[in-house]
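Protein chains in written order, with this note's numbering: chain W, 85 to 427; chain S, 85 to 427.
Don't be surprised by glycine CBs; every beta carbon is placed ideally from N, CA and C.
Computed from a prediction, not measured in an experiment: that's the story for all the values here.
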DNA sequence: ACCATTATTGACAGCGCTACCATCGGATTG
DNA sequence: CAATCCGATGGTAGCGCTGTCAATAATGGT
């Protein structure tokens, strides 16, 4: 029975209303605000919807209501597995809700970001999730003019456009370096790739922690604007060794680099952690499996994605969080690669 | 000047038409089929669009035209970095086109896939990209009823719904095993996680290659339905060693497992490749960086994403490829982990 | 020069839904 | 019991765009 109607062509809301014996507008309300209907009508509409296999026409809905049920997500990279985790959280949270996700990729270009935001504005999204806090002035203006909830993710800062969920990269790096220093290492190198704003803040944390111990030395720092890669970790480490042969520890801005360093050490017969400590960032799954296991800073990427969507949806539906900035923190995962005397 | 109009509110096509001195429908045609306009009108409309900062209302367009410019992409996982690469290709190809991507995640459930396809049907996408060739009968029926170009990706098979781009997982695994056997290894184990259809076909390739050499032994096979992970690679390898202590090689269905095996070998002081050969699948970036470097089967994931989108867009616009099935092949990347006597 | 044919253009009528406001009955109040 | 209010429901009028088809201008062939 269902089948026949479905096949015969489109079922409109009018048909549903007719079958349920209500006006189209009442049937419409069934979807947008079911609580406003009396129980009897609600049931009749519901069964009519089921019987006819009605599927709302989203375009018509958007046109008539001047709203969409799309949440835009702007991230800088699809390659970086960090964002894969965030996206998993985003999609997990959006499933089951009425909202769908529209993804856009800036490739780490703030101009591209501006362009994408302009595109999004034309689509009138119900909410928006953007990465980081370093938007251009124009981008911020667009965001503020959009008149929809916005969540900035990955890091937190002082002047949210609207809401934020993230953590302090500075603090995380500072904590990692403090741990290294506590273990007795003095000459800790810094390896950085793709120096985006968040990586830059990790560097600041490194620098300040080292300076606080009067151990900062520019020769210990090797960075590149190239995108990160395991191979690159080995290469940067080789550069670092050339500049500062006496290093006894390396802080890598991400785990790929750290793995590359570990492999390079194996190649050069450098004993980890005896001759060299290695600390990474993000705590990807392989860090615990490596031999020796690699210390890292765990970041709650999946939760970031989940919360970002939840916060946006809540705000869309009028339930604004009392705390617009959510700090998800980080955990220092101390493992063999930085504990020469055991953990 | 642009600014004032933009800010003042919505600019509709009517306004553009008025400024250009043409009828609204002519202005509309400027977007859908500019070649149908005379040069003078085209130029007038174009400059009016620019001057007013006109942005089309997609909802109205979709409602009036009964079409959208959305390409649906259905993949089984966001975690698996294999799909991250595919998605990169997908997004790269779609940028610059008029089409936008709508992503959906089945979590390896063909029932979820069915549900998602039903959702997509309601949205009338312009094209669709789905993963694999193992859809349910119902899913196939939906796909066929959708009346839009469909590309199946990741693998190829005999009865495409419409188009296909992928490679033979069977052949790839067969080639990998042939290489291992050529190197003189006899007892090659098989490690498999998340035995989805494509992984199953890799197993078939392994099994047949081993059988052809009269070396197949069920004790050499360890699989699990758990999702893949580096740690899991180590665990599965431990199981395998327990079942068959005399193995001299391991074929892993993906690179994460292979890396886990390598680490486990380091832990157990098993020399690779002298005591054990390791071969992975996909050729993620770290495989070349590992010590020893790890042999793998390179699959062209980024290109798969790119081609899938290109093929779908071409088909939407009436340029159907003469060859609906595109085999992107694979490359065996022979490295230290499987060449005891040097490469 | 005339007619057939093709390139351009425009008028009209919706697409399917919801915003807005009006209505109506019943509960609440003094 | 009238006045008031509120919750539930319906009528009307578009949202901004494009499909369809008719009208017109331009072109070419004889």
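Residue 397/W is positioned such that its CB atom lies no closer than 8 Å to that of residue 175/W.
Among the CB atoms of chain W, one or more fall inside 8 Å of the CB of residue 189/S. For residue 146/W, the nearest beta carbon of chain S is closer than 8 Å to its own beta carbon. Closest by C-alpha distance to residue 139/S, out of 109/W, 208/W and 378/W, is 208/W. Counting along the chain, residue 349/S sits inside the alpha helix (DSSP H) bounded by residues 339-352. Note on geometry: alpha-carbon atoms of residue 253/W and residue 280/W lie some 12 Å from one another. Judged by DSSP secondary structure, residue 147/S falls outside any beta strand (DSSP E) and instead within the alpha helix (DSSP H) spanning 142-149. One alpha carbon belongs to residue 290/S, the other to residue 385/S, and they sit about 21 Å apart.
At least 8 Å separates the beta-carbon of residue 419/W from that of residue 383/W. Contacts with chain W at 8 Å (Cβ-Cβ) do not include residue 342/S. The beta carbons of residue 213/W and residue 326/W sit no closer together than 8 Å. The CB of residue 172/W comes closer than 7 Å to the CB of 162 and 163 in chain S, given here in chain order. Across the set 217/W, 229/W and 218/W, the C-alpha of 229/W shows the shortest separation from the C-alpha of residue 202/W. Taken in chain order, the complete alpha helix (DSSP H) segments of 4 residues or longer contained in the region 152-180 of chain W are 165-178.
Scanning the region 378-423 of chain W from its first residue to its last, the whole beta strand (DSSP E) runs of 3-plus residues come out as 380-383, 409-411 and 414-417. Per DSSP, reduced to three states, the secondary structure at residue 220/W is coil, with no helix or strand assignment. For residue 352/S and residue 190/W, the gap between their C-alpha atoms comes out near 44 Å. Three or more pairs of CB atoms, one per stretch, sit closer than 8 Å, so the region 127-146 of chain W contacts the region 95-111 of chain W. In this model, residue 170/W and residue 235/W are separated by some 13 Å (Cα to Cα). Within 10 angstroms of the beta-carbon of residue 268/W lie fewer than 16 other beta-carbons, which makes it exposed.
Relative to the Cα of residue 255/W, the nearest Cα in the group 425/W, 422/W, 415/W and 423/W belongs to 415/W. Assignment of residue 303/W by DSSP, reduced to helix, strand and coil, places it in the helix class.
Contact with chain W is found for residue 142/S, since one of that chain's Cβ atoms lies less than 8 Å from the residue's Cβ. Residue 366/S is bridged by DSSP to 382/S.
Here residue 344/S is not near residue 370/S, since their CB atoms are 8 Å or more apart. At least 8 Å separates the CB of residue 383/S from every CB of chain W. Excluding its 5 nearest sequence neighbours in each direction, residue 305/S has C-beta neighbours in its own chain below 6 Å: 274, listed in chain order. Looking at the backbone, the Cα of residue 136/S and that of residue 103/W are separated by about 46 Å. At a beta-carbon threshold of 8 Å, the residues of chain S lying near residue 185/W are 187, ordered along the chain.
Distance from the Cα of residue 358/W is smallest, within the candidate group 264/W, 315/W and 299/W, for 264/W. Contact between the region 298-316 of chain S and the region 328-342 of chain S is present: three or more C-beta pairs spanning the two stretches fall below 8 Å. Not a single CB atom of chain W sits nearer than 8 Å to the CB of residue 321/S. In this structure residue 413/W touches residue 251/W by the C-beta definition: roughly 5 Å separates them, less than 8 Å.
Residue 287/S is bridged by DSSP to nothing; it lacks a bridge partner.
For residue 215/W, the enclosing beta strand (DSSP E) begins and ends at 211-215.
In the three-state scheme derived from DSSP, where H, G and I count as helix and E and B as strand, residue 234/S is classed as strand.
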